[in-house]
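Protein sequence lines correspond, in order, to chains A and B. Going by the working numbering, the letters in the first sequence line up with residues 1 to 506, in that order. Going by the working numbering, the letters in the second sequence line up with residues 1001 to 1144, in that order. Note that the Cβ used here is the ideal one computed from N, Cα and C, for glycine as well. Bear in mind the structure is a predicted one, so any value in this text is a computation, not a measurement. For reference, the structure is listed below as structure tokens.
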Amino acid sequence: MRKWLVQPEFSVERNALLCTQCQVCVRQCANDVHVFDERDNAVFSDSSHCVGCHRCTTLCPTGAISVKRTALEFRENANWSASVIRNLYRQAEDGGVLLSGMGNDRGWRNYWDRLVLNASQVTNPSIDPLREPMELTTYLGRKPDRVEFERRDGKMIMKTRLDPQLKLDLPVMFSAMSYGSISLNASVALARAAAAAGTFANTGEGGMHKSVLPNAPSMIVQVASGRFGVTPEYLKCGAAVEIKIGQGAKPGIGGHLPGEKVDAQVSETRMIPEGSDAISPAPHHDIYSIEDLKQLIFAIKEATEYMKPVLVKIAAVHNVAAIASGCVHAGADIVAIDGFRGGTGAAPTMIRDNVGIPIELALAAVDTRLREEGIRNRASIVAAGGFRSSADVVKAIALGADAVYIATAALIAMGCHLCQKCYTGKCNWGIATQDPLLTKRLNPEVATRRLENLLRGWSHEIKEMLGGMGINAIESLRGNREHLRGIGLSDAELRVLGIKHAGVGA
Amino acid sequence: MKRIFAREEYCLACRLCEIHCIVKHSKSKRVVSAMRDEKDTLVQSVRVEEQGRSSFAVQCRHCKDAPCIDACIAGAMARDPGGAVACNSDRCVGCWSCIMVCPAGAITKSATGKVASKCDLCADSAVPACVENCPNEALIYEEG
């Protein structure tokens, strides 16, 4: 049926003076927006298919194409915005669940933008990271309640046996993105970049493809409710195992990789028939309580001979502090918390935009709760969900995180333009697709280099910010909320964040 | 010598290599002018071959045992001091022997149709235009 009420969101404009009919745009658009008409010797554009991914504008050699928001304005209405009306039209056409890719785009208050960092002036010296050592090394994992030593043959020997730790050269890891939701080239690039930068990438729930195996020591392997690709070898090959309970973009619901994306390679890696939908149930069907979670954590620890830390990843929801505490009591070595701005390959729009809470508040609540219980040392906290810059990372560490997961930022570094159409499988940038014509657009060598550059840049910036605060190790900033102040926040927000308002001194 | 290598697995078939080859050898050196006003006077020396999902850019391989040099009846096709195979259009008589023997199909008639035209590795640049402008590094220029 013709979608006659749904008008194009974008308007593709072609400057006739600049267009040379070279047809690069025609060959690059997977949505068939651009068509070459031989009779007229001209390229025409059908805006109704445009998703605003900028592939054509980026590759056009003459800059002839511009993509603009369509000039079609609805009558101004504070309640019934254009996106609300469009969604209703779309839903009235097909009666389906509205889908979206990537994270919550609703413009809820972003607390990182309301937090400011401290710097040293006069009374304490700032540090120049280019001239003095600056430590970003981070260890994730359970820390002992006490450390005991004994003197043996005149040497001090540590008696306490340490639990396994992940060693990060900077407190940033790549968050879980499954092979299937993203292309193999993207998975390989993330794994290689993590290995080169001394940090970790995450397989997501899609298992590990054999071409990622050489970088397995830099991978966290995920066990999610679908249990795709999980074998004893899989659990043992990575640096750590993550049990995924929830995802910030869609707390409380499972996953659905459409059969079209399950080609021979994905099928082999996920261990499911080719072309079949990969359904991850909403809950783990063997986890209905903290006690059940404990069983799975220890089953995995047994399977990995207590050599690998076990992460539990939960979505940031209202009771996140108590849930995180339960996870730590259940034996999680690292708790990953995913805020509602976290990305996804596909989520029902209503859930993505309306379920969960921001990572800033969740992180502060969890850190506070674990400290109050006196168990903060028993697990590291990894914050996730919409980290955009090194400043966000530094603020998260000051708020109580041990490290941060990034995914959307990493995808953008590889070329993603946030068009939010991941679920269509027609990603023009070769990232969220399995179409062989599209996946080859992402050269993993180029993508790896870009990811490494991103991490190197962030690492320099984090060091500069630490130096400015007069701190020479990231350890000294962790949970140090005195280095944060809020701007324009209410008393309730400041209380949850555990920080003072800007202008209030020590 | 440095050669251009194509990596089929990363070629997008966008044909920007063809466009930038034309621009590089144009008088104006501007994309719009070259593609619009000078196109009839220029022939690209690189061509993207496509079949199904496979595509890659082909240009003169500058073969070590170049058959075109042996076949040239006028002595126009010769190896320059750098090792590249170059066609001297002042000598070329347009017999097309080179076109017939080229194993890569990389030699074409020039736009005038009177002499042979082929890749010169952008002799005046450090990196050939097709390699420099490939958005996915599907063309690389290295020793080989």
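Return the chain-ordered list of same chain residues with a C-beta closer than 6 Å to the C-beta of residue i, the five sequence neighbours on each side being excluded.
i                        : result
aspartate 263 (chain A)  : Gln434
glycine 415 (chain A)    : Trp429
asparagine 377 (chain A) : Lys143
cysteine 422 (chain A)   : Gly101, Gly345, Ala432
serine 1089 (chain B)    : Val1115
leucine 1016 (chain B)   : Asn1133
glycine 468 (chain A)    : Ala119, Ser126
With 8 Å set as the bound, which would you pick, yes or no: does the beta-carbon of residue i sit closer than that to a beta-carbon of chain B?
i                      : result
proline 436 (chain A)  : yes
glutamate 13 (chain A) : no
valine 446 (chain A)   : yes
cysteine 56 (chain A)  : no
leucine 18 (chain A)   : yes
valine 24 (chain A)    : yes
glutamine 28 (chain A) : yes
proline 61 (chain A)   : yes
lysine 440 (chain A)   : yes
Quick check: is the beta carbon of residue i nearer than 8 Å to any beta carbon in chain A?
i                         : result
cysteine 1014 (chain B)   : yes
serine 1141 (chain B)     : Just to set this straight, residue 1141 (chain B) is tyrosine in the shown sequence, not serine. No, no contact with chain A.
arginine 1053 (chain B)   : yes
valine 1031 (chain B)     : yes
proline 1135 (chain B)    : yes
isoleucine 1004 (chain B) : no
isoleucine 1019 (chain B) : yes
glutamate 1009 (chain B)  : yes
arginine 1047 (chain B)   : no
methionine 1035 (chain B) : yes
Keeping to the same chain, check which residues put their C-beta closer than 7 Å to that of residue i; ignore five residues upstream and five downstream.
i                       : result
cysteine 1122 (chain B) : Lys1024, Pro1128, Ala1129
lysine 1118 (chain B)   : Ser1045, Cys1060, Cys1087, Ala1106, Ile1107
alanine 330 (chain A)   : Ile290, Leu293, Lys294, Ile297
glycine 470 (chain A)   : Ser120, Asn124, Pro125, Ser126, Ile127
Please list, in chain order, all residues of the same chain as residue i whose beta carbon is under 8 Å from its beta carbon, the five residues on each side excluded.
i                        : result
alanine 502 (chain A)    : Val116, Arg485, Gly486, Ile487
isoleucine 412 (chain A) : Leu418
leucine 361 (chain A)    : Tyr111, Ala316, Glu493, Val496, Leu497
isoleucine 314 (chain A) : Ile245, Gly246, Val320, Ile323, Ala324, Cys327, Val335, Ala336, Ile337, Asp338
For residue i, write down the residues that DSSP places opposite it in a beta bridge.
i                       : result
proline 348 (chain A)   : A:Leu99
valine 1231 (chain B)   : The shown model of chain B, from 1001 to 1144, leaves out residue 1231 (chain B), and the question about it has no answer.
lysine 244 (chain A)    : A:Lys313
alanine 1086 (chain B)  : B:Ala1078
leucine 166 (chain A)   : A:Leu140
arginine 152 (chain A)  : A:Lys155
threonine 269 (chain A) : DSSP lists no partner for threonine 269 (chain A).
aspartate 37 (chain A)  : A:Ala42
So the candidates are the options; which of them puts its Cα closest to the Cα of residue i?
i                        : options                                : result
proline 258 (chain A)    : A:Leu361, A:Gly425, A:Asn124           : A:Gly425
alanine 346 (chain A)    : A:Val97, A:Gly331, A:Arg14             : A:Val97
glycine 204 (chain A)    : A:Val312, A:Phe298, A:Pro144           : A:Val312
isoleucine 272 (chain A) : A:Pro217, A:Gly180, A:Pro129, A:Gly198 : A:Gly180
tyrosine 111 (chain A)   : A:Met469, A:Ala364, A:Ala409           : A:Ala364
proline 251 (chain A)    : A:Ser380, A:Phe298, A:Ile351           : A:Ile351
asparagine 202 (chain A) : A:Ser218, A:Pro214, A:Leu140           : A:Ser218
threonine 20 (chain A)   : A:Ala42, A:Val221, A:Val67             : A:Ala42
lysine 1039 (chain B)    : B:Asp1124, B:Pro1135, B:Thr1112        : B:Thr1112
glutamate 482 (chain A)  : A:Pro283, A:Asp105, A:Ala324, A:Ala396 : A:Ala396
aspartate 534 (chain A)  : A:Ala16, A:Val12, A:Leu18              : Missing from the structure shown is residue 534 (chain A); chain A here goes from 1 to 506 and no further.
serine 1110 (chain B)    : B:Ser1028, B:His1020, B:Val1043        : B:Val1043
lysine 159 (chain A)     : A:Leu168, A:Lys167, A:Arg146           : A:Arg146
How long is the line joining the alpha carbons of residue i and residue j, rounded to whole angstroms?
i                           : j                          : result
alanine 240 (chain A)       : methionine 177 (chain A)   : 16 Å
threonine 138 (chain A)     : leucine 170 (chain A)      : 6 Å
isoleucine 279 (chain A)    : histidine 256 (chain A)    : 5 Å
methionine 1 (chain A)      : alanine 1013 (chain B)     : At methionine 1 (chain A) the pLDDT is 47, less than 50, meaning the model places this residue with poor confidence and gives no usable figure here.
lysine 261 (chain A)        : threonine 344 (chain A)    : 15 Å
arginine 69 (chain A)       : arginine 55 (chain A)      : 16 Å
glycine 275 (chain A)       : aspartate 286 (chain A)    : 27 Å
serine 390 (chain A)        : serine 490 (chain A)       : 25 Å
serine 47 (chain A)         : phenylalanine 74 (chain A) : 18 Å
glutamate 93 (chain A)      : asparagine 87 (chain A)    : 10 Å
glycine 206 (chain A)       : aspartate 1065 (chain B)   : 50 Å
phenylalanine 200 (chain A) : glutamine 121 (chain A)    : 36 Å
isoleucine 334 (chain A)    : lysine 308 (chain A)       : 11 Å
alanine 506 (chain A)       : lysine 500 (chain A)       : 9 Å
glutamine 247 (chain A)     : glycine 342 (chain A)      : 8 Å
threonine 408 (chain A)     : glycine 386 (chain A)      : 7 Å
aspartate 40 (chain A)      : leucine 438 (chain A)      : 29 Å
asparagine 1136 (chain B)   : cysteine 1021 (chain B)    : 16 Å
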